[in-house]
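Everything on this sheet refers to the single structure shown next.
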Amino acid sequence: MVQHKPTALWSSSSSAIPINPCLSWPEPLPVTSSGAWSLFKNIKGGIAVNSLKPSQACRTLARQRGVFAIEMAFIMVFLCAIFLFVSDISMQLLQRVSLDRTSYTLVNVLKERRRFYANEEGVVRLSLSQTDHQQMAQIAQRMLGADANAFHLTTESLVGGRHQQYQSANNINCPVAILTPSSPLIPYNLDNEPLPMYQVTVCMQRESWFSRFFNSSSTQTLHSTSAIVGR
């Protein structure tokens, strides 16, 4: 019976490949040709590690790892800033769309004077009242899904040159473009008389994540205004 001896992966006559002590390979590579040694060259930005002493190679790789860590920190900060900016803009657009929908709905309710604001005798009340404003505030609260103190509502009417305005009683600073008889928005009928105009402005404050990230004012005020001719 002939016994075969296992063949060794490394021959005593083969030249050993100098492995850099800073590089961790799972197992020695069974390569003896000189061309395969190019796998160990030009590592980390074109430096031939095999041309350096072990201590020099370790220091070189350590410096390059430190530079990579610093660059990675700057990249992560930049990516976080972009993420916060995109998220903040998205939330701002969604909230602005909600305010636009609310103001447009409320002013369309106020303009229907003959349908909703006429008494039993058919007399139409064109001017606004405090009760009208409170009803619009309740509708806005349901549409926005927010507390009454979280938004500011302004309702206006301009009937026969007389301006009326009602506002919410809170501390939200809301910019309002007041209706005036000289406003270019006021239409006139065939008798050159101004038609009744109604305007609703809804304001809401929100917290800006992007502004807070850069230590600036984190409170923003969004507003939406809708105006329409009454009938």
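The numbering of the sequence shown is UniProt numbering, which starts it at 1 and goes up by one. Don't be surprised by glycine CBs; every beta carbon is placed ideally from N, CA and C. Given the structure is predicted, the values throughout are model-derived calculations rather than measurements.
Check: Contact under 8 angstroms by Cβ, K111 with Y198; Outcome: yes
Check: Contact check, G230 vs L126, beta carbons under 8 angstroms; Outcome: yes
Check: Cβ distance (whole Å) where Y201 is taken to contact T154 below 8 angstroms; Outcome: It is worth fixing the name first, because residue 201 is Thr in this sequence and not Tyr. Right, the Cβ-Cβ distance comes to about 4 angstroms (below 8 angstroms), so this counts as a contact.
Check: Buried or exposed by the 16-neighbour rule on C-beta atoms within 10 Å, applied to residue 243; Outcome: In the structure as shown, the chain begins at 1 and stops at 231. Residue 243 is therefore absent and cannot be evaluated.
Check: Which residues DSSP lists as bridging H223, in chain order; Outcome: C203
Check: Status (buried if at least 16 other CB within 10 Å, exposed otherwise) for R113; Outcome: buried
Check: Reduced DSSP category for L106 - H, G, I as helix; E, B as strand; rest coil; Outcome: helix
Check: Reduced DSSP secondary structure (H/G/I, E/B, other) of L144; Outcome: helix
Check: Local conformation of S182 per DSSP, three classes; Outcome: coil
Check: Member of V97, P194, Q164, V124 whose CA lies at the smallest distance from the CA of F133; Outcome: Looking at the sequence itself, residue 133 is His, so the reference to Phe does not match. Per the Cα distances, Q164.
Check: Check whether L158 and P196 have beta carbons under 8 angstroms apart; Outcome: yes
Check: Minimum C-alpha distance to S208 - residue among F85, A150, I228, I172; Outcome: F85
Check: Anticipated Cβ contact below 8 angstroms, Y166 with Q130, distance rounded; Outcome: 6 angstroms
Check: Residue span of the alpha helix (DSSP H) that contains R113, given as start and end; Outcome: 113-116
Check: Opening and closing residue of the beta strand (DSSP E) in which L126 lies; Outcome: Counting along the chain, L126 falls outside any beta strand (DSSP E), and DSSP gives it neither H nor E.
Check: Boundaries (first-last residue) of the beta strand (DSSP E) holding V159; Outcome: 151-159
Check: Beta strand (DSSP E) segment containing Y166, residue limits; Outcome: 162-167
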